[in-house]
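Report on one structure; see the data block that follows.
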Amino acid sequence: MNRIDKLFQNKKESILSIYFTAGFPQLEDTLPVMEAIEAAGADIIEIGVPYSDPIADGPTIQESNNVALKNGMTLHLLFEQLKNLREKISIPVILMGYLNPVVQYGMEAFCKKCKEVGVDGLILPDLPMQQYLTEYKSLFDAYDLRNTFLISPQTSETRIRQIDQNTDGFIYMVSSASITGAKKAVSPEQIAYFERVKAMGLTNPRLIGFGISDKASFNTAAAHSHGAIIGSAFIHVLRDSKDLKKDIYHYIQSIIA
Amino acid sequence: MDTSMIKVDENGFYGQFGGAFIPEMLYPNIEELRENYEQIMASAAFKEEFDRLLKDYVGRPTPLFYANRLSEKYGAKIYLKREDLCHTGAHKINNTVGQIILAKKLNKKRIIAETGAGQHGVATATVCALMGMECTVYMGAVDMERQKPNVERMRILGAKVVPANSGSKTLKDATNEAMRQWINNPVDTHYIIGSVVGPHPYPEMVARFQSVISAEMKIQLKEKEGRENPDLVIACVGGGSNAAGAFYHYYNEPEVRLIAVEAAGLGVSSGKSAATTMLGKPGILHGSRTLLMQTADGQVVEPHSISAGLDYPGIGPVHAHLFDSGRGEFVAVEDEHAMQAGIEVSRLEGIIPAIESAHAFHALNQIEYKSTDVIVINLSGRGDKDLETYIKWGNY
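Residue numbers (this note's numbering), protein chains in the order written: chain A, 64 to 320; chain B, 137 to 532.
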């Protein structure tokens, strides 16, 4: 059974997904960071595949992308680093990245490799639903990869239902009209949006991301969904860390303990 | 060859190129535009305002000038479409006038734009001043440094100019930054993209605003030559908005040769080039699938051209399709040759062209044509903004 499906079957609330950029802060940190995330008690790991032009990302993730690319990170190298992934990591692993590097790698080769190393799902924010359905869905299915689409506060109800129909795994709720890394307290408008979507009775579970950075914002998001995703704030921890294992543990514990 | 294929389909594709590869956060903005732009553009009120502003404010129709001495030198009948005489000095304003009226009809309160050399930024700041709209222009920090006069022009016009400090700090990064700001402000803001790039419907919409160029060419050629169609149309291509405008009404007239001139920079194989069709592969940038200069791993490569307006690693999807289908002929002109052509046009016709447009002129040395051919070169902009580059080059 796909690990994402299994997780959501067994755990219905306060799911914590942690995003980080592959090959950051150092090229060889990818797997050690993942081990530390799992050891600290997070539920899902999202590995960001670095790209030169990340249009949905704020300065923090832009910078981690640049550093990772300068370190020499590529998709080929990432799959090499993940070769023995499943000897070390048991929680679900998702690859998140922009479409172009994946298309250049070759979508079928990419999906095949994901399955081979034990990746469970994909988030490709600039993959349009129509292209997904006509060109790629059968591949994702053939390699047992869950595909997550995003929704935002501006997404219409009709569109949310369409996305719910064509997503599997979970729906990624972007918390506000924003790129990644915005740090604002959760507003009443956001809560209303979380509740509006919750009341729609969607098939897929919902995780809230963008702007979630600490225990307070995590708890608020989790109270209106199945859990939340932390990215930029975690990248800050990695960037400033002298002892990755220890700092990752403390940070994740500060959210979930 | 089926030239009837040079037409956008309902999903925004020209052949295999185009589409709307955008994060979901931009979907409502793009959808609003896609659902409304054709209807708004077709309305009598829009047409009246657009035509009036193009005539009284931009100064259209721009002349189609018979270039006597150039014609003698090159042995063909060469006409110049004088987009350099548009208000603000380039064709860019045709599009910004159209989009600002559209933005008003969509009840938008703020305008954002990207700019490379600053021509589109100036054209955007200009129409925002005209319409009393708040304007923010994103510009690569490197470009702000090398195009200072245009930065000040925008500021004088009341626009806020924000440096893009990510990546290479040039046009592609300014475009990234504008897209991010549109994600942050999805409801009250319209993003005026300056070229035939970006997610559908931008490439087609911008091309339609620029298509006034070839619409006028047809009327003017009929008067001067007794026929609407020239034998060749030559235009430079960065993203490709002036070329799209000059080609638009000739896409499906197969007897008209469409010559798209890219910037070879220091040479196509030098590693310092912006010749996208020669160096690019299909890829996805700024919301469309197009030809793109990139590494084997799909990271976007930094282009180089002496002309900031051609310094872009992609190309509008319609041009990728013109290349792919064979409908367009693509040539690449090196920095040095473009500069020489700029001086030649200055000396032979008394017109200092923008360095972008100078590339188009040098193509006369790189393609075959007959002495009886009628050739229209789209003189997309004037060279005032490039004086510093001409002076630095110094070879005149």
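Built from N, CA and C at the ideal position, the CB exists for glycine as well.
- Residue state for M263 of chain A is assigned as coil, using DSSP reduced to three classes.
- Against chain A, a Cβ distance below 7 angstroms from N312 of chain B picks out D116 and I118.
- By a beta-carbon distance limit of 8 angstroms, V469 of chain B contacts A399 of chain B. Their separation comes to about 7 angstroms.
- Taking a cut-off of 8 angstroms on C-beta distances, the segment 299-314 of chain A does not touch the segment 281-291 of chain A, as fewer than three cross pairs fall below it.
- Taking C-alpha positions only, Q125 of chain A is separated from L500 of chain B by approximately 43 angstroms.
- Of the residues A:F83, A:P155, A:F87 and A:L132, the one whose Cα lies closest to the Cα of D106 of chain A is A:P155.
- In this chain, the alpha helix (DSSP H) harbouring Y173 of chain B covers Y163 to A178.
- Check the Cα spacing between N163 of chain A and each of A:S241, A:P113 and A:N73: the tightest is with A:P113.
- At a C-beta separation below 8 angstroms, I420 of chain B has these neighbours in chain A: Y161, L162, N163, V166 and D189.
- In terms of beta-carbon proximity, A286 of chain A stays away from the interface with chain B, with every pair separated by 8 angstroms or more.
- Taking one beta carbon from each stretch, the segment 250-266 of chain B and the segment 284-304 of chain B have 3 or more pairs nearer than 8 angstroms; the two touch.
- DSSP, read as helix, strand or coil, puts V156 of chain A in strand.
- For G303 of chain B, the residues of chain A that pass the 9 angstroms Cβ criterion are S115, D116, Q125 and N129, in the order they occur in the chain.
- Chain B has a Cβ within less than 8 angstroms of the Cβ of L132 of chain A.
- F281 of chain A and L79 of chain A have their alpha carbons spaced roughly 8 angstroms apart.
- Within the segment 280-314 of chain A, the complete beta strand (DSSP E) segments of 3 residues or longer fall at 290-293, listed in chain order.
- Identification of chain B residues near T218 of chain A by a Cβ-Cβ cut-off of 9 angstroms yields E160, M161, Y163 and P164, ordered along the chain.
- With a minimum length of 3 residues, the unbroken runs of beta strand (DSSP E) contained wholly in the segment 322-410 of chain B fall at 325-328, 368-372 and 393-401.
- Taking C-beta atoms under 8 angstroms as the contact rule, G519 of chain B and I479 of chain B fail to qualify, at a distance of about 10 angstroms.
- Its Cα nearest to that of E438 of chain B, the residue B:M429 stands out among B:A444, B:M429, B:L446 and B:G445.
- Annotation: Cβ neighbours of Q193 of chain A in chain B (cutoff 7 angstroms, chain order): N147.
- Around F157 of chain B, the beta-carbon contacts reaching into chain A at under 8 angstroms are L162, D189, L190, P191 and Q194.
- Within the segment 196-267 of chain B, the complete alpha helix (DSSP H) runs of at least 4 residues fall at 204-210, 228-241 and 255-267.
- Of the residues A:G160, A:L187, A:P188 and A:E150, the one whose Cα lies closest to the Cα of E179 of chain A is A:E150.
- Under a 10 Å Cβ-count criterion, P285 of chain B is classified as exposed, with fewer than 16 other Cβ atoms of the shown protein chains found around its own Cβ.
- The beta carbon of G381 of chain B lies closer than 6 angstroms to those of Q346, S347 and I349 in the same chain, with the five residues before and after it left out.
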